[in-house]
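Be aware that the sequence shown starts at 217, since it is given in the numbering used here, and climbs by one per residue. So the structure is just underneath, and the comments pick up after that.
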Amino acid sequence: MQFFPMAIAQPPAVQTPITNNSQIPPEDWLQQGREAYQNGQYAKAVEYWLNAANFYQKDKLNLALVWNYLSLAYQQLNRFDEAKKAISTSLDLVAANQNTDTTAQRQQILARSLTTSARLELANGQAENALDSLKKAEAIYKEIGDMQGVIGSQINQAQALQALGRYRRALQTLNQVEETLKTPEIFNTQLDPLIKATKLYSLGNTLQVVGDLEHSWCVSQDSLAVIERLENSQLVGDIYLSLGNTARAFGKRVEDLQGPNSKQKLPLTIPENCQKPPQEDTALGFYQQAGEWYKKVAEAESFSDLTRLQAQLNYLNILVSVLSTEAWKDSWQNSLAEADKLWPNIYQGINNLPPSRQEVYARINLAKNLGLLKVKSGFNQSWSEIENLLQQAIAHARNLEDPKAKTYSLGTYGWLYEQQKNYGEAQKFTEQALSLANEIQAPNIKYQWEWQLGRIYAARENLKDAIAAYEKALETINVVRKGLVGIPLDLTGINSDIQFYFRDNVEPIYREAVDLVLRSENPDLEKARQLVDDLQVAELENYLQCIFPNPEVQQVKVDTVDPQAAVIYTIILNNSLEVILKLPGKDNIYHYSTKIPKIQLETTLAELRGLLASSTRSAKLRFLSQQVYDWVIREGEEKYLANSSVNTLVFVLDGALRDIPMSILDDGKRYLVEKYAITLSPSLKLLEPKPLERKKLNVLLAGVSEERVIDKRTFKAVANAPDELNAITFKALTNVPDELNAIQSIVSSRGKLLNDDFIQNNLKKEIESVPFTIIHIATHGNFSSNPDNTYILLWNELFKVKDFDRLLRTTNQNQFNNIELLVLSACETATGDKRATLGLAGVAVRAGAGSTLATLWSVNDTSTTVFMSEFYRQLTTDRKATKAEVLRRTQIKLLNSDVYNLPYYWAPFVLLGNWL
C-alpha cells in the first residue's frame, strides 16, 4: 500500500559513512539519495544519506530530515529495527530544537517524521499508533497552512483506518478529501492545479484499494480533467494506467460474481456527477476496456519508460488470463499472437532499465506470465529462457542488497520449478525464499511461500508436512489480517481490491487445506470442520470489511444447547463436494464425498435456483432437487441420521449451495423439511443459541408498499427516474399492508412504520423507546456479494448492509441485544451472483439479532401474508417449539395446501443463526 506523498520515503540507520569525500556538498548527497530512492535503489539511497548525515552533524534540522529519509529507505529494505532507530533519532532531533526554533521548516520536518513513523507503525501492525501519528501530522500541517500536507495526511489516515477494519470511517475520510479538493477556494488559492490533480490521482488509487471501484473511476476522471488542461504528460500516463487497473478490477469483480461463462453485465453504482462512467459490461468486456487503456499508455512515447513498461506488463497479464480461461479463448481474436508479439518488447524494455526494485519486479512479472502462458496455452518459449529472467532477477536483487526483491525472486523461481514438476528444486528455492521472508519479518510475503511449500509437499504425496505447511500459512495470514499488517501490492503494481485479494490468495488456502486433511489416511475431521468454520468467518469478515471482536471464540458445541440437532458442513472443491456431519455426542463425526467437477455442481445449482424462483410447476425441479439431495445428504441420512434422534439440521453451507433452500432437497418421496427443522449458520463461531422468550414478544412492524424510484448514484428516492442507467424502480408491494395488519392481529405490536413513516429517524426512535424482541420489515431488499449492492428499501433511500448495525443499534446496549428475531419478508438474492447469499449472511451478522428470517427470492403474493400469519400464530401458540420448528410447520402448512404447494411459495424462507 503506497503512502502519500511519495517523496516521504523508507528505511536506513546511521553507522559510519561509506565515503568521506568532503568535496561533495551534503545537499548533493541528499539529492542523490532521493534520486536513488525514487529509482528503487534503496541500499544506494542509504549510502548517500549516511554520507549526508555525517556532514549535517551541526545542522540539527537537516540532520533530522536525513534520519527521516533513512527510516524510509530502511523500511523498504525491511530493516525495521534500523528504521525504528532512525525515525526515533529524527523525532528526538526535532524535539531538541523546539525551544530554539519554531519555524515552519521545523514544523514541516516534524510532520514528515510523524508520517514516516506512522508508515513504520502500520507496517508493524500498530495501526492505532499510526492513526494517532497521522492526526498529529495533520494538525501540524494545518497550523503552518500546508494544505497539501493536510490532504496527504488524511489520505494516509484512511489507509490506517482500513487496516483497523474501520472501512466506513476510511471511506468517510476519503469523501472528505474529495470534497476538499473540489472546493473552489482550495483549488484557486491553496493548491495549484498540478498538486490538485496529483492528490486526486492518489485519492483514486486509495479508493481502488478499499474496493470502491466506481468512486475510484470517477475521481481518476476528475484528476484527468484537471491535468489534461496543464499538459503534464507523465501524470496523464499514470492516470491512464490507473483507469486501466480499475477497468480490470471491474472485470475481476464480474468474473468472481458470475463466472467467466456469464453473459450478464455488471450493474454499476456510479456516484453523482461522475464524468464518463465506464460502460456496464461483462468480465471479458471490462478486460478489453482495460487493454485499450494499457495500449494507450504503452504506445505514447511522451510517457516514462517505466510507466509504459508497467502498462505492457498489465496488458500481457490480461492476455494470459484470457488464454487461461477456456470460455474466452475464442472470444478475443489473436490474443496468443498479441502476447507473442508483446513479450519481446517487454523484455527489451526491462533490459533498458537500470537495476532497481522495479526492474527486478518487472522480470519476475514477465517470468510468471510466460510460465503461465506455457502451462495454460502451450506457449513455445523454453523453460530455460524463462529461468534466465529469474536468475537475472535474483542476481540484481542481491547486488541491490534488497531482501524483499530477493525473496520474491527466489520464491517465483521455486514456483517456476513447481510448474515443471521439478519438486526437488522447487522446494529448495521456496525454502530459501521462506527463510529470507522470515528474516526480514514480512508475513505478507512469508505466507505465500508457506502455501507454495505446502503445495510442493502435497505433490510429492507428503501429506503430513503439506498440512503442517498449510497450517503455518493460515497462521501467518491471521497475522496479516488480524494483526493489521496491511494488504500488499501485487507484482503488477495494481492495488488489488480487498475482496479480490482474499478470494484469489486467501480463500484457496483454506479449501486446499481441507482437501489435504480429508485425503489423509486417518483424517482429522475435527480439524477439517474447524477449517471450514474458519473459512466462513474469514469470508464474512472480508465481505463486511470488519474484524469480529472475538475471533478466537470456540465453535458452539451444538449438542450442549440442543441434543437433537446435527450440524452439516459442506465445502466445494474443484472436483468434489465434501460433507462433514456432526451428530450429538463426543465422537459422532463423519465424512462423505461426491466426486463431481465444481463447474457441473454450480451449473446444476444455478438451474435449480432458476426453477425455484418460478411459479410454474416443473418436473425438472423435482429431478434436480433429488440430485442435490443425493450429493448433500443421502449418504448421511441413510447411514447416520436415520438411526438417531435428530430432529433439527444446522447447515453451514459453502458457495453456490447457499443459494438453495435445503428444505426442498427431495429423497424421492418427501422433501427434507417434512422430516427435519432446518436452519442455516454463517459459522458456529458466530452463534449464541438461546430460546426465544415467548412471553415477552413485542414486534415492531415496518414496510413499504408503494412504488419507489431510487437514484443509484445517491441511493435517495426521487420523483422521476434521472435516466435508465442511474435509476432503480421498485414496484409496489400491494400486499404489505395486509401482511402487517395480519401480524398485528396475532402478536403484540407497539409500533408500525408504513411507507412515508418508514425512515431512518423514525425507526431509531421506535427502537430507542421500546425493547422490541422482533423487528419485521416488509420491503424490497437485495442480497449481493457486493456490500454496496446489498440493501433494504426505506421510504426515502436504500440502506446498505454495512450500516445495518447502526440502523438497529440503540444507545442502550442491553436493549440492542433484546432483538432476538429480524424478519425480512420481501427481499431477494441478486440474479446471476454466485456469492449473493453472502449478503444475506452479512445482514444477519450486522443486524445483531439472534436470528434472521429472510427470503431468497421475493414473492409478491398473498401467499406471503398467509405464510407470515401462520408463522406468528405458531410462534405464539406453541411456546416450546423452536424457531426452526415453527418455520418447518409453517412451510408444511403451505406445502399441504391446494393453492400454495409449489416450492416457489413456501421454500424461499430461510432461518439464519439461533434456531432455538
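We put the CB at the ideal spot given by N, CA and C, even for glycine. Computed from a predicted model, the values in this text were never measured in an experiment.
- When DSSP states are grouped into helix, strand and coil, Leu529 belongs to the helix group.
- In the displayed model, Ser306 falls within a helix according to three-state DSSP.
- For Leu979, the closest alpha carbon among the candidates Val393, Ala611, Phe1015, Thr1080 is that of Phe1015.
- In terms of Cβ geometry, Trp665 and Tyr686 do not form a close pair [threshold 8 Å].
- Between Tyr1121 and Ile959 a beta carbon distance of about 18 Å is seen, past the 8 Å cut, so the two are scored as non-contacting.
- Check the Cα spacing between Ala1070 and each of Leu1037, Glu1086, Ala1097, Lys1096: the tightest is with Leu1037.
- Taking the Cα of Cys434 as reference, the smallest distance to any Cα among Leu446, Cys490, Leu589 is reached at Cys490.
- Contact between Ala261 and Gly249 is confirmed by a C-beta separation of about 5 Å, below the 8 Å threshold.
- The DSSP-derived three-state label of Asn284 is helix.
- In the DSSP secondary-structure assignment, Lys798 is bridged to Val783, Ile805.
- Excluding five sequence positions before and after Thr305, the CB atoms of its chain that fall closer than 7 Å to its own CB belong to Trp283, given in chain order.
- Shortest Cα-Cα distance from Ala302 to any of Leu288, Leu857, Leu293 involves Leu288.
- Looking at Val513, Phe999, Thr1080, the one whose alpha-carbon comes closest to that of Ala1060 is Phe999.
- Of all C-beta pairs linking the segment 844-856 to the segment 1086-1106, fewer than three are shorter than 8 Å, placing the two stretches out of contact.
- By the C-beta density criterion, Glu243 is exposed, having fewer than 16 other C-beta atoms within 10 angstroms.
- Of all alpha-carbon atoms in Pro409, Leu390, Leu410, Ile534, the one lying nearest the alpha-carbon of Gly420 is that of Leu390.
- Residue pairing for Asn914: DSSP places it in no beta bridge.
- Around the beta carbon of Gln375, 16 or more other beta carbons lie within 10 angstroms, which makes this residue buried.
- Beta-bridge partners of Lys811 (DSSP): Ser792.
- For Ala943, the enclosing beta strand (DSSP E) starts and ends at 943-946.
- Judged by DSSP in its simplified three-state form, Thr331 adopts helix.
- In the three-state reduction of the DSSP assignment, Val1126 falls in the strand class.
- Around the CB of Ile815, fewer than 16 other CB atoms lie within 10 Å, so the residue is classed as exposed.
- Contact between the segment 516-533 and the segment 571-582 is established, with three or more Cβ pairs separated by less than 8 Å.
- Our two residues, Val310 and Ile371, have alpha carbons roughly 24 Å apart in a direct line.
- For Lys662, same chain residues with a beta-carbon under 8 Å away, outside a window of 5 residues either side, are Leu650, Ala653, Asn654, Thr692 in chain order.
- Here Glu251 is exposed. Its C-beta has fewer than 16 other C-beta atoms within 10 Å.
- Contact annotation: Leu789 and Arg727 have beta-carbon atoms nearer than 8 Å.
- Residue state for Asp875 is assigned as helix, using DSSP reduced to three classes.
- For Asn998, the uninterrupted beta strand (DSSP E) run begins and ends at 997-999, by DSSP.
- The beta carbon of Gly587 sits closer than 6 Å to the beta carbons of Ile602, Leu632, Gln635 from its chain, once the five residues preceding and following it are set aside; these are given in chain order.
- Within the segment 425-461, the runs of alpha helix (DSSP H) that reach at least 4 residues and sit entirely inside it are, in chain order, 429-446.
- Membership of Lys644 in the alpha helix (DSSP H) is indicated by the continuous run 639-655.
- Counting other Cβ atoms within 10 Å of its Cβ, Ala948 stays below 16 and is therefore classed as exposed.
- Shown here for Gln643: same chain residues with a beta carbon closer than 6 Å to its own, the five before and five after excluded, namely Ile672 in chain order.
- Val442 is the residue among Gly427, Val393, Asp438, Val442 whose C-alpha sits nearest the C-alpha of Leu410.
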